[in-house]
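Read through the structure below, which is laid out as structure tokens, and then see the notes.
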Amino acid sequence: MDLRTGTPMDVREATLADLDGIIDVHTQARLAYYGAGGLASGSIVNPTLAQEQRVGWTAAIESPRKRVLCAVVEGRIVGIAAMGPPLSDEADADGVGQLYQIHVVPGRWGEGIGSRLHGLFVRYLEDASLSTGLLEVWERNSRARAFYTRHGWKPDGEFRAGPDNSRYICMRLELMPLPAPAATPHAGKVGPDEGLAGA
């Protein structure tokens, strides 16, 4: 549901037919947060980066190991997310999934779109029996850092070099383990109030 207008919001798997809409959302979001962090627009949007976007998103959509989601309101893509196995060979792919990107059209920030997409990443981890999520966030993107902190992410102490003498901060989300099944008391014996579920 679009919190501003009450219009239903659909979240679905992306296809190559969504590529232009995905790139548009990605570009708008990059201009907003990198621009707020002091980068010139020419270093954010240029023909070389546009081609890299197209190649990268195409590969993600076509990959059998990655998921790309689109949040759609009235036929327009307003948010996107990409997730899959960890990018680092040092991460345990049997227990870790990576949130590559979440982007929302800047004019729709604060409407719950990012939280909905984040919730689907958590479900992705749960469905794959993965206990840990990884992501990288630009250190100057204070809005994104606050968003992930609210959703339980914590810096793990690792960094990667970013543009303009900045860094990308690595963050980690640890899912709560599922409770163990309750032990059956008095094995082999059933008391007067035991064994009656569903009766």
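Residue numbering for the sequence shown follows our numbering, beginning at 19 and increasing consecutively. All C-beta atoms in this analysis are idealised placements derived from N, C-alpha and C, irrespective of residue type, glycine included.
DSSP places Gly60 within a helical segment (H, G or I) once states are collapsed to three.
If you draw a 10 Å sphere on the C-beta of Asn183, you find fewer than 16 other C-beta atoms in it, and that means exposed. Three or more Cβ pairs drawn from the segment 169-182 and the segment 50-66 lie within less than 8 Å of each other, which places the two stretches in contact. When DSSP states are grouped into helix, strand and coil, Val123 belongs to the coil group.
By the 16-neighbour rule on beta-carbons within 10 angstroms, Val73 is exposed. Within the DSSP bridge table, the entry for Pro173 names Met189 as partners. Contact between Leu34 and Thr76 holds: their C-beta atoms lie close to 7 Å from each other, under 8 Å.
Counting only the Cα atoms, Asp42 lies some 16 Å from Gly132.
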